[in-house]
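Visitor: Please find one structure pasted underneath; my questions will follow.
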Amino acid sequence: MNNNGWVGRSLRVDLTKIKVTVEPSTRLLKRFIGGRGVGQWLLFNNLRPEVDPFHPENIMVFSTGPLTGTMAPASRTSLDTKNVYTGGVASSNCGGHLGPEIKYAGFDYITIQGSSKNPTYLLITDGEAEIKDASHLWGESTWRTGEILRRDLGDENLRVASIGVAGENLARPASIIVDKARAFGRGGPGAVMGSKKLKAIAVRGTGGVSVAEPERFMEEVQKAWVKIDRNQSVKARRMNGSRAFLTTGNEHGLLGVRNFQDEYWDNRKIENIRQETLNERYEVRKLACFNCPVYCSHFYKIDSGKYSGLMCEGFQLNIDWDFSAKLEIDDPEALIKINALCNELGLDIDNSSAPIAWAFELYEKGIITSKETDGLKLEWGDASTVIELLQKIARREGFGKILAEGSKRASKIIGRGSEYYVSHIKGQDSIEAIRSDKGWALGCAVAPRGGGHLDGAFQSHRTPEAGEPHSYDSKPERVVWFEKFKATVDMVGICYFTTVWSDQNLLGPEDIANLFSTATGMKLRGDEMMEIGRKVHNIEKAFNTLHAGFTRKDDYPPERFMVEPVKAGPNRGEKLDEKMWGRMLDEYYRIHGWDIESG
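Residues are numbered in my numbering as their position in the sequence shown, beginning at 1, plus a constant of 185.
Shown next, in the form of structure tokens:
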């Protein structure tokens, strides 16, 4: 097998032995393409079920795809490890420039095992790697860590993935931040990295990526770029990122208001934080991940007021799920500050906002008081209190020490009926409102990593063949299709925003297969790539069964979503029906070929 599209080498890092080893990668890549496929296979075959996520035996796999770093719109890197919330799969995916740089430095993927006694960082440059002392970096923010490494190593083009104080303190919501604003977030990978005393990974490469059929590959690249460039939803993302769909998302019940007490937010509050408002007041320029035609991000500067002088990259729709609707914060400058702070501290915005919103509702209902919250009054819309709690979570200080465990674990500590108000799936905090769109709901609930819309979930109003959003019919078929498709997308290194998940006129399986085949010379059709995606999803299912003991009951939504209906908006009265949910699961398992009784 030639190495076109791939580099043909991987890096194994043992932090216990302070040892790095270069190994061939082609055999595994031929079976599982790259990215998430490689990561999940290595995770399944290298971990015993009894290994705790924080144990040195847990591994972290940073894996690129064969299209990553080529002229295709592919910048993504997958990170696979054991989930600190669930004990099952944690799979995260990051854009930016890290993945291409790993390829240019001479590696397809990096496997990290063991744990150092003292803080370290990993330096990778053009086929070589070295484990270096990071004592001077411990305690620094992710932003400052990158600045110090670029200065000390004399290279402004160095790409840095690092943890902040949240990861150092093993706060479960800890993320890994890449170059200040991209993140490996869900599943607590920053906490895993912190348990290994690995502060950062710094990468610089001057190589390239060859392709098997340059002329044909560039023809396929051109087709993909034209398809993306002319798409109307892409044009909306260029202007406003995924927040272009904030208002329509609200209409379709995608915003969980006040910790999911409702699924429709007052449009007057949305008006205050519309992306057009942020663009007009704060935008300096638009930004893109490596070689991406969408360039959906923004760089902001606040010139006056409480946060005067703050300059940072902006945010996507998640901020509205997490901090706007869920906590009723409609101050755009506060949201910019919160997003920047999470990135500096190394906190995943999804997993850090959830326990805060849960605590706010407990406070509202009198289950907890200011005696438990370090004297803080938890009142909806109070951004200053949210900012203080984020600091406490990252440092595991006071009430933040409880919230740093995630909502489910925190509810076991507090008790008093607080468990009912936790929105979690498989133990990890869920961020998605799921009462209204039944296809979206099913995809989120069965997601292997627990509570996530980026596996099989889809929005029914964008997927006509799935039928009416409130109906339970035809949803399992589409969820299974998108599960296979997302695994395929993650294997090759393409961004989900450029695919049919975002708009049915964007890149589909055949487009991806054509790019892959002309890049690698390994001829696969779209359905054949989707079949490999199915195998990857089955590996994740098997890992969850063996390591976390998940069964059918773990594919059900939180009780609240089956008891309390939506109170306002177009979806008023909608909730999930337990009997109909069971029928959906039966069909979902049948399509997969899994046991219907056990799941």
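No residue lacks a Cβ here, since even glycine has one placed at the ideal position from N, Cα and C.
#1: Identify the residues that DSSP records as bridge partners of residue 306: which are they?
#2: Please report the Cβ distance between residue 249 and residue 287, rounded to the nearest whole angstrom; I am assuming they are in contact, meaning their Cβ atoms lie under 8 Å.
#3: Closest to residue 383 by C-alpha separation, out of 577, 330, 440, would be which residue?
#4: Which one or two residues does DSSP pair with residue 263 in a beta bridge?
#5: Mapping DSSP to helix, strand and coil, what is residue 437?
#6: To test your reading of the DSSP string, which unbroken alpha helix (DSSP H) runs of 4 or more residues are found completely within the segment 565-611?
#7: If you drop the 5 nearest sequence neighbours on each side, which residues of the same chain put their C-beta closer than 6 Å to that of residue 481?
#8: Nearest to residue 348 by CA position, among 569, 299, 376, is which residue?
#9: Tell whether a beta-carbon distance below 8 Å holds between residue 218 and residue 232.
#10: Three or more C-beta pairs closer than 8 Å, one from the segment 396-406 and one from the segment 313-321: is that the case here?
#11: Which whole-angstrom value describes the C-beta separation of residue 465 and residue 485, a residue pair presumed to lie in contact below a C-beta threshold of 8 Å?
#12: Kindly provide the ranges of any alpha helix (DSSP H) runs that are 4 or more residues long and lie completely inside the segment 341-410, ordered along the chain.
#13: Mark residue 411 as exposed unless 16 or more other C-beta atoms lie within 10 angstroms of its C-beta, in which case mark it buried.
#14: For the alpha helix (DSSP H) containing residue 768, name the first residue and the last one.
#15: Pairs of beta-carbons, one from the segment 496-512 and one from the segment 295-305, closer than 8 Å: are there three or more?
#16: Using only the alpha-carbon positions, how far apart do residue 336 and residue 343 sit?
#17: For residue 199, I'd like the list of residues in its chain whose CB is within less than 6 Å of its CB, leaving aside the five on either flank, ordered along the chain.
#18: Quick one: Cα of residue 741 to Cα of residue 728, how far?
#19: Would you mind sorting residue 570 into buried or exposed? The rule is 16 or more other CB atoms within 10 Å of its CB.
#20: As a quick exercise: from 616, 262, 768, pick the residue whose alpha carbon is nearest that of residue 446.
#21: Only counting the same chain, and skipping five residues up and downstream in sequence, which positions put a Cβ closer than 8 Å to that of residue 691?
#22: DSSP puts residue 692 in a beta bridge; with which residues?
#23: Using a threshold of 8 Å, state whether the C-beta atoms of residue 787 and residue 609 are closer than that.
#24: Assuming the contact rule is C-beta atoms closer than 8 Å, residue 541 and residue 574 should be a hit. Round their C-beta distance to whole Å, please.
#25: Does residue 195 come out as helix, strand or coil in the three-state DSSP assignment?
#26: Between which two residues does the beta strand (DSSP E) containing residue 469 stretch?
#27: Identify which residue in 760, 258, 236 has its Cα closest to the Cα of residue 677.
#28: Could you check if residue 262 is buried or exposed, using at least 16 other CB atoms within 10 Å of its CB as the buried criterion?
#29: Leaving out five residues on either side along the sequence, give the residues of the same chain with a beta carbon under 8 Å from the beta carbon of residue 745.
#30: Apply the 10 Å Cβ neighbour rule to residue 764 and answer buried if 16 or more other Cβ atoms are within range, or exposed otherwise.
#31: Cβ atoms of residue 664 and residue 624: under 8 Å apart, would you say?
#32: On the DSSP bridge assignment, give the partners of residue 298 in chain order.
#33: If I measure Cβ to Cβ from residue 591 and keep anything under 8 Å in the same chain, skipping five residues before and after, which residues do I get?
#34: Is the Cβ-Cβ distance between residue 694 and residue 670 less than 8 Å?
#35: By how many angstroms is the C-alpha of residue 688 removed from the C-alpha of residue 498?
#36: Enumerate in chain order the residues of its own chain whose CB-to-CB distance from residue 405 is below 7 Å, with the five nearest sequence positions on each side excluded.
Guide: Considering the structure as presented:
#1: 317, 385
#2: 5 Å
#3: 330
#4: 248, 278
#5: coil
#6: 568-580, 584-588, 592-599
#7: 422, 426
#8: 376
#9: no
#10: no
#11: That pair is no contact at about 11 Å.
#12: 350-353, 374-380
#13: exposed
#14: 763-777
#15: no
#16: 10 Å
#17: 298, 299
#18: 19 Å
#19: buried
#20: 616
#21: 412, 413, 416, 418, 419, 683, 684, 685
#22: 684
#23: Outside the modelled stretch of the chain, which goes from 186 to 784, sits residue 787, for which no answer is possible.
#24: 5 Å
#25: strand
#26: 468-472
#27: 258
#28: buried
#29: 445, 605, 606, 608
#30: exposed
#31: yes
#32: 199
#33: 270, 357, 358, 536, 539, 540, 609, 612, 613, 614
#34: yes
#35: 25 Å
#36: 699, 700, 703
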